[in-house]
Every structure is written in structure tokens, then in C-alpha cells.
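*Asks:* Quick note on numbering: the UniProt record's numbering labels position 52 of the sequence shown as 52, and the sequence is numbered without any gaps.
In this text, a Cβ means the ideal position worked out from N, Cα and C, and glycines have one as well.
This is the structure I have questions about; it appears just below.
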Amino acid sequence: VRVALKVKMPTIRSWIHQGRLPVVRAGRSVRIRESVLIKIIEEGLDAVTQKKDTIKVN
């Protein structure tokens, strides 16, 4: 994910912690749905970096 978005891991962790990046948790593992990643790539990082908005998953 971080390679596809060209951001560092602390940024990804921060977005997850803030609820901006929806994840699926399985035990201690954290997964990001492919559909979410595609949406971020299509809409640009603004989809995640906006303070008030979060990505909506259908």
C-alpha cells in the first residue's frame, strides 16, 4: 500500500488510527481492501488527506 501511494508507513498508520483509511482487522493483522486502494489511486490522495472526510466503502 505505501509503495502504491508513495507515502511512509507512519503516515499509513496515522490515517488508520484517525479513521481516514478503512481497514479490515484479523487478529493483529491489518488489511486494506483492494477497492479502497483503487479508489484512493483514482481520486488521488485528497480522498484520504482531507481532515473531515473518510473514504466510504460500498
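With a CB to CB cut of under 7 angstroms and the five nearest residues on each side skipped, what residues in its chain are close to residue 4?
*Replies:* Around residue 4: 37 and 41.
*Asks:* Once the 5 residues before and after residue 48 are set aside, which same chain residues still bring their CB inside 7 angstroms of it?
*Replies:* Cβ neighbours of residue 48 beyond the five flanking positions: 15, 20, 21, 40 and 55.
*Asks:* What first and last residue would you give for the beta strand (DSSP E) that runs through residue 31?
*Replies:* Unbroken beta strand (DSSP E) run through residue 31: 29-31.
*Asks:* Confirm, please, whether the CB-CB distance from residue 24 to residue 12 is below 8 angstroms.
*Replies:* No, they are not a contact pair.
*Asks:* Under a three-way DSSP split, which group does residue 20 fall into?
*Replies:* Looking at residue 20 - three-state DSSP - the assignment turns out to be coil, as it is neither helix nor strand.
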